[in-house]
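Participant: First, the structure itself, so that you have it in front of you.
Numbering (the numbering used here), first residue to last: 542 to 843.
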């Protein structure tokens, strides 16, 4: 059975090693991607769980990915370029240069359901940290007047600029002189050298009372950072307890987020999807997606 727990190394994680083949696709596209045992969640987290489902937006992404993976000559070219460039630049930059490897976290409907907002709800400012090619940013950005993003990969920055998003430096977004109605931190926490510091910076950058953080984390939580082409443990290591998805969600909610001054408002289980290649139609990892608000006591206990 596929599951995120089989991603055993940083390299495997970066390559999205939970592969889904064309023959297995029909079986994989089931409620397993979204299944949660509510009784296995902690008592405080249980009423916050939002049940998601395979919807039309997710199916459309999967269909596009299957279609692209079937373009043999295009995939051969991508494979050649990737092999040639991989010793020189990051995989993210290679994907940005080739226009492949787009990610999918949630559909517009899933995003709205999680936040409990209407399709026509709008706010002032969104900041997407580590926005990649901007595909997921676009889903959220439909609800905001101003869209800001951070990204370190030059080709991905180009994609974001083409979408007319306002790019900020990774040490700039905290010092703009204004605050954000929503900040997204999607599958970034386990690739950050100082994740608790990042969470505290996010909290201070949100509009008081109404600002929200939407955070996605691949579970099981396996933090590594890339330094000089090598993967190593981050300086500030978060240890998430628990063996199951439900146990880790409970531990993150009750310990990790509280330490950074946040409390959970909602959480759901979603597949973290990536476009495929000539070998697999698409790749999938197991995500927990949280909506967080600043705690009233703003506790920062270590």
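Cβ atoms here follow ideal geometry from the backbone N, Cα and C, with glycine treated the same way. Treat the numbers as computed from the prediction; the structure is a model and nothing was measured.
Is it the case that the stretch 695-712 contacts the stretch 724-739, given that we only count it when at least three CB pairs across the two stretches are under 8 Å?
Facilitator: Flag = no, the stretch 724-739 and the stretch 695-712 do not touch.
Participant: DSSP has residue 809 in a bridge; who is on the other side?
Facilitator: Paired residues: 830.
Participant: Verify whether the separation of the beta carbon atoms of residue 733 and residue 764 is less than 9 Å.
Facilitator: Yes, they are a contact pair.
Participant: Measuring CB atoms only, is the stretch 741-751 touching the stretch 777-788, in the sense that at least three cross pairs come out at less than 8 Å?
Facilitator: No, the stretch 741-751 is not in contact with the stretch 777-788.
Participant: Quick one: grab the DSSP three-state call for residue 595.
Facilitator: Residue 595 falls in the coil class under three-state DSSP.
Participant: Mind reading off the beta-carbon distance from residue 816 to residue 609? Whole number of angstroms is fine, and I expect it under 8 Å.
Facilitator: 6 Å between Cβ atoms; contact.
Participant: Quick check: is any heavy atom of the ligand GDP less than 8 Å from the C-beta of residue 806?
Facilitator: Absence of the ligand GDP from the depicted structure is noted, as is the absence of any ligand whatsoever, leaving it without description.
Participant: Any idea which residues DSSP pairs residue 741 with across the strands?
Facilitator: Looking at the DSSP assignment, residue 741 forms no beta bridge with any residue, so it has no partner.
Participant: Smallest Cα separation from residue 607: which of 837, 824, 829, 831?
Facilitator: Residue 824 is the option with its Cα nearest to residue 607.
Participant: By DSSP, does residue 568 sit in helix, in strand, or in coil?
Facilitator: Reliability fails at residue 568, whose pLDDT of 49 lies under 50, so the model's placement of it is uncertain and the value that follows must be treated cautiously. Of the three classes helix, strand and coil, the one that applies to residue 568 here is helix, per DSSP.
Participant: For the beta strand (DSSP E) that contains residue 687, what are its first and last residues?
Facilitator: Start and end: 685-690.
Participant: For residue 669, does the three-state DSSP call read helix, strand or coil?
Facilitator: Here residue 669 sits in strand by DSSP.
Participant: Taking all protein chains shown into account, decide if residue 648 is buried (16 or more other Cβ within 10 angstroms of its Cβ) or exposed.
Facilitator: Under this definition residue 648 is a buried residue.
Participant: Between the C-alpha atoms of residue 669 and residue 587, what's the straight-line distance to the nearest angstrom?
Facilitator: Whole-angstrom Cα-Cα distance: 28 Å.
Participant: Locate the beta strand (DSSP E) running through residue 758, then write down its first and last residues.
Facilitator: Element bounds for residue 758: 753-759.
Participant: Reducing DSSP to helix, strand and coil, say where residue 776 ends up.
Facilitator: Residue 776 falls in the coil class under three-state DSSP.
Participant: Check the C-beta distance from residue 667 over to residue 682 and give it rounded, since I have them as a contact under 8 Å.
Facilitator: With a Cβ gap of about 6 Å, residue 667 and residue 682 count as contacting.
Participant: For residue 686 versus residue 664, is the C-beta distance shorter than 9 Å?
Facilitator: Yes, the pair counts as a contact, with Cβ atoms nearer than the cut-off.
Participant: At the level of alpha carbons, what is the spacing between residue 678 and residue 591?
Facilitator: If you take the alpha carbons of residue 678 and residue 591, they lie about 21 Å apart.
Participant: So residue 828 packs on residue 646, CB below 8 Å; how close in whole Å?
Facilitator: Correct: roughly 7 Å between the Cβ atoms.
Participant: Does DSSP put residue 582 in a helix, in a strand, or in coil?
Facilitator: Three-state DSSP puts residue 582 in coil, outside helix and strand.
Participant: Which residues does DSSP pair with residue 697 in a beta bridge?
Facilitator: Its beta-bridge partners do not exist; DSSP assigns none.
Participant: From what residue to what residue does the alpha helix (DSSP H) around residue 681 run?
Facilitator: 676-682 is the extent of the alpha helix (DSSP H) around residue 681.
Participant: Is DSSP giving residue 816 helix, strand or coil here?
Facilitator: Three-state DSSP puts residue 816 in a strand.
Participant: Decide if residue 659 is buried, meaning its Cβ has at least 16 other Cβ atoms within 10 Å, or exposed.
Facilitator: Classification for residue 659: exposed.
Participant: Our contact map puts residue 754 next to residue 833 with C-beta atoms below 8 Å; I'd like the distance itself, whole angstroms only.
Facilitator: Confirmed, Cβ separation roughly 4 Å.
Participant: With a threshold of 6 Å on Cβ separation, who are the neighbours of residue 794 within its own chain once the five nearest residues in sequence on each side are excluded?
Facilitator: Closer than 6 Å at the Cβ level, and outside the excluded window around residue 794, lie 586, 805.
Participant: In angstroms, rounded to a whole number, what distance separates the CA positions of residue 581 and residue 699?
Facilitator: Whole-angstrom Cα-Cα distance: 43 Å.
Participant: Applying the 10 Å Cβ sphere with the 16-neighbour rule, what's the burial state of residue 691?
Facilitator: Under this definition residue 691 is a buried residue.
Participant: Should residue 598 and residue 651 be called a contact, given that it needs their Cβ atoms to be closer than 9 Å?
Facilitator: In contact: residue 598 and residue 651 (Cβ atoms closer than 9 Å).
Participant: What does the alpha-carbon distance come out to for the pair residue 752 and residue 798?
Facilitator: About 16 Å.
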